[in-house]
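Engineer: A single structure is presented below for examination.
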Amino acid sequence: QVQLVESGGGLVQPGGSLRLSCAASGSIFSIYDMGWYRQAPGKQRELVATITSSGSTNYADSVKGRFIISRDNAKNTGYLQMDSLKPEDTAVYYCKINRRPPIVYWGQGTQVIVSS
Numbered sequence: 261q262v263q264l265v266e267s268g269g270g271l272v273q274p275g276g277s278l279r280l281s282c283a284a285s286g287s288i289f290s291i292y293d294m295g296w297y298r299q300a301p302g303k304q305r306e307l308v309a310t311i312t313s314s315g316s317t318n319y320a321d322s323v324k325g326r327f328i329i330s331r332d333n334a335k336n337t338g339y340l341q342m343d344s345l346k347p348e349d350t351a352v353y354y355c356k357i358n359r360r361p362p363i364v365y366w367g368q369g370t371q372v373i374v375s376s
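Each residue of the sequence shown is one higher than the last, beginning at 261 in our numbering.
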């Protein structure tokens with residue numbers, strides 16, 4: 261059984277930065293693709309960014325140029341560096357890992373609030 265634990269969320273002013281972490285345990289992290297998703301109040305969960313097991317990345321248009329997804333397989337941890345944060349980035353952020361056949365695991369989420 262894989263467990264994912266997100267951390268790094270919090271309250272930040274517009275224009276500020278946060279780095280989210282997603283620590284995985286219970287399996288070989290390197291064989292999974294990983295993604296960050298977010299869900300704002302009253303909205304559906306949406307994709308923020310993904311990184312494959314080989315390191316290819318993809319971003320939602322709304323975060324391109326501001327967020328960077330990365331991973332450190334030696335530490336079984338994924339990251340989401342978020343810069344130039346905007347109030348509309350306020351949401352609960354979730355990490356997900358997946359691989360075939362499909363096997364999917366989600367973290368419990370971490371709250372990000374962007375407000376002055």
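Just so you know, even glycine gets a beta-carbon here, dropped at the ideal spot from N, CA and C.
What are the boundary residues of the beta strand (DSSP E) that residue 327 is part of?
Structural biologist: Residue 327 sits at position 67 when you count from the first residue of the sequence shown. That run of the beta strand (DSSP E) goes 327-332.
Engineer: Select from 373, 345 and 284 the residue whose C-alpha is nearest the C-alpha of residue 357.
Structural biologist: Locating residue 357 in the sequence shown gives position 97, where the first residue counts as 1. With distances taken between Cα atoms, residue 357 lies closest to 284.
Engineer: Check for me: the beta strand (DSSP E) holding residue 318 runs from which residue to which?
Structural biologist: Taking the sequence shown and counting its residues from 1, one reaches residue 318 at position 58. First-last of the beta strand (DSSP E) with residue 318: 317-319.
Engineer: What separation, rounded to the nearest whole angstrom, lies between the Cα atoms of residue 347 and residue 265?
Structural biologist: Walking along the sequence shown from the start, residue 347 turns up at place 87. Walking along the sequence shown from the start, residue 265 turns up at place 5. Near 24 Å, if we compare the C-alpha coordinates of residue 265 and residue 347.
Engineer: So who's on the other strand from residue 280, going by DSSP bridges?
Structural biologist: Position 20 of the sequence shown, counted from the first residue, corresponds to residue 280. Per DSSP, 340.
Engineer: Could you spell out the range, first to last residue, of the beta strand (DSSP E) harbouring residue 374?
Structural biologist: The sequence position of residue 374 within the sequence shown is 114, counting from 1. Segment 370-374, the beta strand (DSSP E) holding residue 374.
Engineer: What residue does the beta strand (DSSP E) around residue 267 start on, and which one ends it?
Structural biologist: Start at 1 with the first residue of the sequence shown, and residue 267 comes out as number 7. From DSSP, the beta strand (DSSP E) with residue 267 extends over 263-267.
Engineer: Can the beta-carbon of residue 293 be found less than 7 Å from the beta-carbon of residue 317?
Structural biologist: Taking the sequence shown and counting its residues from 1, one reaches residue 293 at position 33. Taking the sequence shown and counting its residues from 1, one reaches residue 317 at position 57. No, these two residues do not count as a Cβ contact at 7 Å.
Engineer: Any idea which residues DSSP pairs residue 354 with across the strands?
Structural biologist: Position 94 of the sequence shown, counting from 1, holds the residue named residue 354. Residue 354 is bridged to 297.
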